[in-house]
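When the letters of the sequence shown are read in order and numbered with numbering that gives the first Met the number 0, they come out as residues 0 to 407.
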Amino acid sequence: MYLLNKHIVLGISGGIAAYKTPELVRLFIKEGAQVQVVMTQAATHFVTPTTLQAVSGNPVFISQWDDRIPNGMAHIELSRKADAVVIAPASADLMAKHSLGLADDLLSTLLIARGCEEQGSILPCPLLMVPAMNLQMWQHVATQRSVARLKADGVIILGPASGPQACGEVGAGRMLEPEEILEGLCAFFQPKTLLGKRVVVTAGPTYEAIDPVRGLTNKSSGKMGFAIAKAALEAGASVHLIAGPVHLPTPLEFTGMIRRTDVLSAADMANAVESAKDCDIFFSVAAVADWKIINPSSQKIKKSDSLSPTLEFALNPDILARMAANSAQRPFCVGFAAETQHVSEFGQAKRIAKNVPLLIANHGPDTFGQDHNQVSLIDASGVYPLQQMDKLRLAREIIAQVVQRLPA
Ligand code: C5P
0 MYLLNKHIVL GISGGIAAYK TPELVRLFIK EGAQVQVVMT QAATHFVTPT TLQAVSGNPV
60 FISQWDDRIP NGMAHIELSR KADAVVIAPA SADLMAKHSL GLADDLLSTL LIARGCEEQG
120 SILPCPLLMV PAMNLQMWQH VATQRSVARL KADGVIILGP ASGPQACGEV GAGRMLEPEE
180 ILEGLCAFFQ PKTLLGKRVV VTAGPTYEAI DPVRGLTNKS SGKMGFAIAK AALEAGASVH
240 LIAGPVHLPT PLEFTGMIRR TDVLSAADMA NAVESAKDCD IFFSVAAVAD WKIINPSSQK
300 IKKSDSLSPT LEFALNPDIL ARMAANSAQR PFCVGFAAET QHVSEFGQAK RIAKNVPLLI
360 ANHGPDTFGQ DHNQVSLIDA SGVYPLQQMD KLRLAREIIA QVVQRLPA
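Here's what the structure looks like:
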């Protein structure tokens, strides 16, 4: 549960995307959050307060004259326990109003009155807005002015996405999907330890062609590498993800902070890393094929009862070792290794052979394709086993460990 004990005020303003908010509330709650919904009058035309009350398990507030709060001050009380206020969808009107500090209904008044009470003090309460509107409305100079002002005021803007819109037009202005909003909120709560850092991650298997339809690969799913990319983005880095053949969506793509290059063979991966080598941290998570086939057939090899094909192999370049051997400007390099026995000894030997400051050794090959993983961290001072945990949590822990080891 990534939002355990978090109190979220979800503000819903008037837009067709409001019909997705019951699902958003459900996702927040599934991750352990408590959700208090506040709607504008316009929002009630798109989704009912009854639905949101049912999914959130809390009364929904719309009017600033609502007397269900004992002191009658809903605009103040409703945010006092909040860890964050999320506005989804955020209409052009609501963003314009808040950029000017206008307060003429419960939600807009709550936004300027918001603050989280802790030990008698009122602390700033973060605000995330998820815009949703027609393309022309989004592009309008007045909306862009509101967005720029809101950002300058510290409001975090998530999205919008591009694509077909409810009105039939196509372009920027779609609300992010509920899963993306959840990911954006979870990312927001992570410490920004890698702000300004450029991170390169290799992930997944590689594929070495035998002929145009056959090849050699391995069981890597790419999940660990993609989790590392996501955790680095959550920590504020810009990420270049170089992925072998996997079936995984690009993490946190809507942030615009991630670039993805898909490759097939180890040689392709080596070339992609070479062009991306100007970075601060390199995570070599990919299970790179050790050998390539030097005589792949240009035509499909025909099956024959009498003759089996003979494959000739040559060693692939060791991408990690090459990166770690880089000149003076080498990035902080992190290797990964799957060992089936003598994890500490083999892992430490591999770390030294590859000349990397940190190696993450998987405890056995069973991790392939799983959502959980158990590893040891191996550095010059020793071997540190970690508990088994899900790959995103593990990735966040690895990022924290790397941050501690980065040169000042
Ligand atoms: O030598 P071994 O394959 O066990 O080392 C694993 C580590 O080295 C991983 O970090 C992997 O990404 C990297 N590696 C590489 N290029 C290779 C082989 C492995 O970057 N050709």
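Don't be surprised by glycine CBs; every beta carbon is placed ideally from N, CA and C.
Quantities reported herein were computed from a predicted structural model and do not represent experimental measurements.
Straight through space, the alpha carbons of lysine 191 and alanine 269 are spaced by roughly 30 Å.
Annotation: cysteine 115 is outside any alpha helix (DSSP H); the continuous beta strand (DSSP E) that includes it extends over 115–117. Contact between leucine 194 and glycine 158 fails: their C-beta atoms lie close to 21 Å from each other, not under 8 Å.
Ranking Leu385, Leu357, Asp389 by CA distance to the CA of glutamine 403 puts Leu357 first.
A Cβ-Cβ contact shorter than 8 Å links valine 169 with proline 163.
Sequence-distant partners of alanine 171 (beyond 5 residues in either direction) whose C-beta falls short of 8 Å from its own C-beta, in its chain, are Leu134, Trp137, Gln138, Pro159, Ala160, Ser161. Distances from the CA of glycine 381 to each of Ser343, Gly114, Asp389, Ala285 were compared; the closest alpha carbon is that of Ser343. Aspartate 317 has its Cβ nearer than 7 Å to a heavy atom of ligand 1. Lysine 29 is classed as exposed because its beta carbon has fewer than 16 other beta carbons within 10 Å across all chains shown. In terms of Cα proximity to leucine 77, the closest of Leu99, Ser107, Ala53 is Ser107. With a cut-off of 8 Å on Cβ pairs, the stretch 140–148 is not in contact with the stretch 103–118, counting fewer than three such pairs. About 6 Å separates the beta carbon of isoleucine 318 from that of serine 283, a gap short enough to meet the 8 Å contact definition. Only residues of its own chain outside the window of five on either side were considered, and among them Leu240, Thr249 have a CB closer than 6 Å to the CB of arginine 259, listed in chain order. Proximity of the beta carbon of glycine 334 to ligand 1 is indicated: a heavy atom of the ligand is located closer than 7 Å.
Out of Phe225, Ser219, Gln347, the CA that lies nearest to the CA of valine 287 is found in Ser219. Taken through DSSP and simplified to helix, strand or coil, serine 237 comes out as strand. The Cβ atoms of isoleucine 293 and alanine 313 lie closer than 8 Å to each other. Counting along the chain, no alpha helix (DSSP H) covers serine 303, and no H or E run does either. Following the DSSP letters along the chain, one finds asparagine 361 inside the beta strand (DSSP E) bounded by residues 357–362. Placement of the Cβ of threonine 216 at a distance of 7 Å or more from every heavy atom of ligand 1 is found. Counting only runs of at least 4 residues, the stretch 42–94 fully encloses the following alpha helix (DSSP H) elements, listed from N- to C-terminal order: 48–55, 73–76. Inter-residue distance for valine 8 and valine 37 is about 7 Å (C-alpha atoms, whole angstroms).
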